[in-house]
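Student: Please see the structure below; I have some questions.
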Amino acid sequence: MSTKRLTGAEIVWECLAREGVSHVFGYPGGAILPVYDAIWKYPQVHHTLVRHEQGAAHMADGFARASGKVGVAIATSGPGATNLVTGIATAMLDSSPIVCITGQVGSKLIGSDAFQEVDITGVTLPITKHNVLVTAVEDIGRAIREAFFIAQSGRPGPVLVDITKDAQNAAYDFDWDLCAPQLPGYRPPLHTDAKELERAAEFINTAKRPVILAGAGIIQSGATQVVLDMAERGNIPIAMTLLGIGGIPAFHPLNLGMMGMHGEAWVNHAIQEADLLIALGMRFDDRVTGNLKTYAPHAKKIHVEIDRAEINKNVHVDLALMGDLRDVVTRLLPLVESCEHQDWQQHINTLKGDAAVRDIKNLPDMGKLYAAHVIHDLWKETEGKALVVSDVGQHQMWEAQYYHHSEPRSLITSGGLGTMGFALPAAIGAKSARPDAEVWVVAGDGGFQMTACELATMAQEGLDIKIAIINNGYLGMVRQWQEFFYDRRYHATPLRNPNFVMLAEAHGIRGIQVEQRSEVVNAVREARAHQGPCLLNFRVEKEDVVYPMVPTGADLHDMIRRPRAESSVTVK
Ligand SMILES: Cc1cc2nc3c(=O)[nH]c(=O)nc-3n(C[C@H](O)[C@H](O)[C@H](O)COP(=O)(O)OP(=O)(O)OC[C@H]3O[C@@H](n4cnc5c(N)ncnc54)[C@H](O)[C@@H]3O)c2cc1C
Ligand SMILES: Cc1ncc(C[n+]2csc(CCOP(=O)(O)OP(=O)(O)O)c2C)c(N)n1
Numbered sequence: 080m081s082t083k084r085l086t087g088a089e090i091v092w093e094c095l096a097r098e099g100v101s102h103v104f105g106y107p108g109g110a111i112l113p114v115y116d117a118i119w120k121y122p123q124v125h126h127t128l129v130r131h132e133q134g135a136a137h138m139a140d141g142f143a144r145a146s147g148k149v150g151v152a153i154a155t156s157g158p159g160a161t162n163l164v165t166g167i168a169t170a171m172l173d174s175s176p177i178v179c180i181t182g183q184v185g186s187k188l189i190g191s192d193a194f195q196e197v198d199i200t201g202v203t204l205p206i207t208k209h210n211v212l213v214t215a216v217e218d219i220g221r222a223i224r225e226a227f228f229i230a231q232s233g234r235p236g237p238v239l240v241d242i243t244k245d246a247q248n249a250a251y252d253f254d255w256d257l258c259a260p261q262l263p264g265y266r267p268p269l270h271t272d273a274k275e276l277e278r279a280a281e282f283i284n285t286a287k288r289p290v291i292l293a294g295a296g297i298i299q300s301g302a303t304q305v306v307l308d309m310a311e312r313g314n315i316p317i318a319m320t321l322l323g324i325g326g327i328p329a330f331h332p333l334n335l336g337m338m339g340m341h342g343e344a345w346v347n348h349a350i351q352e353a354d355l356l357i358a359l360g361m362r363f364d365d366r367v368t369g370n371l372k373t374y375a376p377h378a379k380k381i382h383v384e385i386d387r388a389e390i391n392k393n394v395h396v397d398l399a400l401m402g403d404l405r406d407v408v409t410r411l412l413p414l415v416e417s418c419e420h421q422d423w424q425q426h427i428n429t430l431k432g433d434a435a436v437r438d439i440k441n442l443p444d445m446g447k448l449y450a451a452h453v454i455h456d457l458w459k460e461t462e463g464k465a466l467v468v469s470d471v472g473q474h475q476m477w478e479a480q481y482y483h484h485s486e487p488r489s490l491i492t493s494g495g496l497g498t499m500g501f502a503l504p505a506a507i508g509a510k511s512a513r514p515d516a517e518v519w520v521v522a523g524d525g526g527f528q529m530t531a532c533e534l535a536t537m538a539q540e541g542l543d544i545k546i547a548i549i550n551n552g553y554l555g556m557v558r559q560w561q562e563f564f565y566d567r568r569y570h571a572t573p574l575r576n577p578n579f580v581m582l583a584e585a586h587g588i589r590g591i592q593v594e595q596r597s598e599v600v601n602a603v604r605e606a607r608a609h610q611g612p613c614l615l616n617f618r619v620e621k622e623d624v625v626y627p628m629v630p631t632g633a634d635l636h637d638m639i640r641r642p643r644a645e646s647s648v649t650v651k
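Residue 80 is where the sequence shown starts when you use my numbering, and the numbers rise one by one after that.
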């Protein structure tokens, strides 16, 4: 045991350093100033000054998703803390491990509507995995250690630690060992017994039309290889959720592609016709299932999950295997018999049908620049090896469809909350975590403007991030819904945008304008060759639509498809 006399503010940094934190993202203010005043004593922790606290939370989130480690955001009380809220909710919905540290007014002022006082633990109660208000210096160490433990264990998620200013200022004989987590009521993960594994194996070994549904959990648990081993052993096709993308190599013969509202048509048909669904680390989101009453009606369902609350929440399952996915699948694998499933695979191939001649990528471009072309060319030029951080909207879906990811943690996107403005700050976090990765932002012209202030952060940090704005002059995804379901009444969706190239240049960032298909490849090459950040403004077709689309609440079979083309070309 070794004690050290430290202030509460120093204890914060001491704990972060001991937790192995290399980067924090934050913004100062009165109630967190003691913490900022102690920062220089811990040079091993790099602080990135953001331009808006929402950015800090997304950066912490991007850092976490890119690295698998906990991301950290810091903010002051009141408006600083409330600005974190969207980022915290984003992390919550996608189970991303972040720790947010906020300053709070002095403990004697709490409840008096003091200057910049907000009950941030009250505000964030439903959007954090755990939160705590700390009013005494002796509780700071344990609160932070517990925050890290909770954020990354079991089902990961965001934790907020709110620390009063007097606790930050007070001094205490700090001992790291004495503040080890003490959480008697918190018991992840759960255990699956051998009998349940045998039952699962029996389901799998007797299935004729099985499909694996691979979700974010396969990436979070580091189970991608063992999942692939099981799929290969049983020749079981794999469908992925948006957040599972990258978990299975894009061109693996068993990888069917993305399921759900904007998933591939054949994937949705295969799910509806399957006799067994093996759901691995996915939570049957409504974007994935369509109408629950008609979802996969012929299939037995196995659900491997770490969070009991997910079992039978949306879809009733026949067998739940609780626990860490890698552990469960590793134990299940020896029980899975090798199998061909040739008829089923041939059938799925026929389900692909005329998809190729409905694919915009294969249609003559008639001089138009489609977003799919941009993403396709970006994928080819980067050889599929970039870490792409996408924003929310049509471009997000085209990215998922046309950038073929083959590595876990190579696609970072806000799935559950669908937070516009996520991409740029999350990319800053991702690049901080993985400086050697080629990081691309793919954002719409609408979402990009929500957090465009973080261009200044990116420039100040000297981060070499490339940005592709898919600029269609609309809030495209909403315009698409207006086109399909509101008789083309385009209220509040057309955008009058700033000159994005000039905006980049105003930040000392290279900007390139792209109007024609023929310019895409050279522009991407130029951006990649440029040492430093670069923004490409792709002026794409204004009224393009993401196909297929399962309308909300419809059966997965009932997709709106792109009309067949009279002629098609094969794009390599
Ligand atoms: C505009 C838009 C359109 C969208 N369209 C689609 C679409 O067409 N198709 C689609 O798939 N998604 C779509 N989404 C995303 C969708 O909303 C969900 O975010 C997504 O489907 C969730 O994927 P998931 O269940 O794999 O991940 P999560 O929501 O992150 O769930 C992961 C699950 O894995 C579990 N887990 C985590 N770690 C472990 C572990 N170690 N062991 C076991 N289990 C673990 C968690 O408890 C959780 O239940 C869209 C989003 C937007 C914004
Ligand atoms: C913060 C936030 N506000 C509103 C929405 C609703 N929304 C979903 S997609 C979308 C349009 C996105 O437009 P843009 O960023 O230009 O991308 P595009 O769809 O055109 O690719 C909107 C407004 C959202 N997801 N997030």
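No residue lacks a Cβ here, since even glycine has one placed at the ideal position from N, Cα and C.
From the DSSP output, in three-state form, read off Thr303 for me.
Tutor: As a working mapping, residue 303 is identified with position 224 in the sequence shown. In this structure, Thr303 counts as helix in the three-state DSSP scheme.
Student: Count the other CB atoms, across all protein chains shown, that sit within 10 Å of the CB of Gly141; report buried if there are 16 or more and exposed otherwise.
Tutor: Here residue 141 refers to the residue found at position 62 of the sequence shown. Answer is buried; the Cβ neighbour count reaches 16.
Student: If you draw a straight line from the alpha carbon of Gly87 to that of Leu239, how long is it in whole angstroms?
Tutor: Taking the first residue of the sequence shown as position 1, residue 87 is located at position 8. Taking the first residue of the sequence shown as position 1, residue 239 is located at position 160. Those two C-alpha atoms are separated by around 16 Å.
Student: In terms of DSSP beta bridges, what is Phe253 paired with?
Tutor: Against the sequence shown, residue 253 aligns to sequence position 174. DSSP, once it has assigned bridges, lists Lys83 as partnering Phe253.
Student: Can you grab the Cα-Cα spacing for the pair Ala633 / Thr461, in whole Å?
Tutor: Translated into the one-based positions of the sequence shown, residue 633 becomes position 554. Translated into the one-based positions of the sequence shown, residue 461 becomes position 382. Approximately 37 Å, taken between the alpha carbons.
Student: For Tyr553, which residues does DSSP report across the bridge?
Tutor: Along the sequence shown, read from residue 1 onward, the residue named residue 553 stands at position 474. Its beta-bridge partners are Pro573.
Student: For Leu411, verify whether its CB is less than 6 Å away from any heavy atom of ligand 1.
Tutor: Counting from 1 along the sequence shown, the entry for residue 411 is found at position 332. No - ligand 1 has no heavy atom lying nearer than 6 Å to the Cβ of Leu411.
Student: Count the other CB atoms within 10 Å of the CB of Gly369; is the residue buried (16 or more) or exposed (fewer)?
Tutor: Sequence index remark: in the sequence shown, residue 369 carries index 290 (1-based). With 16 or more other Cβ atoms within 10 Å, it is buried.
Student: On the premise that Leu574 lies in contact with Gly525, defined as a C-beta separation below 8 Å, what is that separation, rounded to the nearest angstrom?
Tutor: The residue you call residue 525 lines up with position 446 of the sequence shown. The residue you call residue 574 lines up with position 495 of the sequence shown. With 8 Å as the limit, Gly525 and Leu574 qualify as a contact, their Cβ atoms being about 6 Å apart.
Student: Relative to ligand 2, is the shortest distance from any of its heavy atoms to the C-beta of Gln480 smaller than 6 Å?
Tutor: The count along the sequence shown starts at 1 and reaches residue 480 at position 401. Answer for Gln480: no, Cβ out of range of ligand 2.
Student: Quick one: measure Cβ to Cβ for His126 and Ile118, integer angstroms, because I've assumed they're closer than 8 Å.
Tutor: Sequence index remark: in the sequence shown, residue 126 carries index 47 (1-based). Sequence index remark: in the sequence shown, residue 118 carries index 39 (1-based). Rounded, the Cβ-Cβ distance is 6 Å, consistent with contact.
Student: Counting only runs that start and end within the stretch 215-276, where is the beta strand (DSSP E) found for 3 or more residues in a row?
Tutor: Entirely contained in the stretch 215-276, the beta strand (DSSP E) runs reaching 3 residues are, in chain order, 238-243, 250-253.
Student: Which residues bound the beta strand (DSSP E) around Ser174?
Tutor: Within the sequence shown, residue 174 is the residue found at index 95, counting from 1. Careful: Ser174 lies outside any beta strand (DSSP E) and carries neither H nor E.
Student: Compare the C-alpha of His426 against each of His348, Leu398, Thr320 and name the closest.
Tutor: In the sequence shown, residue 426 corresponds to position 347, counting from 1. Minimum Cα distance to His426 is reached at His348.
Student: For His474, tell me which candidate among Pro268, Leu554, Cys94, Lys187 has the shortest Cα-Cα distance.
Tutor: Translated into positions along the sequence shown, residue 474 becomes position 395. Answer by Cα proximity: Leu554.
Student: What number of angstroms, rounded off, separates the C-alpha of Ala110 from the C-alpha of Ile177?
Tutor: Start at 1 with the first residue of the sequence shown, and residue 110 comes out as number 31. Start at 1 with the first residue of the sequence shown, and residue 177 comes out as number 98. Going from the Cα of Ala110 to the Cα of Ile177 covers about 21 Å.
Student: Just verifying my parser: in three-state terms, what is the DSSP assignment at Gly313?
Tutor: Taking the sequence shown and counting its residues from 1, one reaches residue 313 at position 234. Three-state result, Gly313: helix.
Student: Confirm the yes/no value for this check: CB of Asp386, any heavy atom of ligand 1, distance under 6 Å.
Tutor: Taking the first residue of the sequence shown as 1, we reach residue 386 at position 307. Checking every heavy atom of ligand 1 against the Cβ of Asp386, one is found closer than 6 Å.
Student: Is the distance from the Cβ of Val151 to the Cβ of Val91 below 7 Å?
Tutor: Indexing the sequence shown from 1 puts residue 151 at position 72. Indexing the sequence shown from 1 puts residue 91 at position 12. Taking 7 Å as the Cβ cut-off, Val151 and Val91 do not qualify as a contacting pair.
Student: Please return the same chain residues whose Cβ sits closer than 6 Å to the Cβ of Asn576, not counting the five positions on each side in sequence.
Tutor: For this step, residue 576 is matched to residue 497 along the sequence shown. Excluding positions up to five away in sequence, the list reads Asp524.
Student: Do three or more CB pairs link the stretch 300-311 to the stretch 266-278 at distances below 8 Å?
Tutor: Judged by Cβ distances under 8 Å, the stretch 300-311 makes no contact with the stretch 266-278, as fewer than three pairs qualify.
Student: So, for Gln592: in the same chain, excluding its five sequence neighbours on each side, which residues have a beta-carbon less than 6 Å away from its beta-carbon?
Tutor: If you number the sequence shown from 1, residue 592 lands on position 513. So the list reads Val580, Asn616, once near-sequence residues are dropped.
Student: My understanding is that Met401 touches Ala293, with C-beta atoms under 8 Å, so please give their C-beta distance in whole angstroms.
Tutor: Position 322 of the sequence shown, counted from the start, is the residue given in the question as residue 401. Position 214 of the sequence shown, counted from the start, is the residue given in the question as residue 293. With a Cβ gap of about 18 Å, Met401 and Ala293 do not count as contacting.
Student: Would you check if the stretch 511-531 and the stretch 539-559 touch, i.e. whether three or more CB-CB distances between them fall below 8 Å?
Tutor: Yes: at least three Cβ pairs fall under 8 Å.
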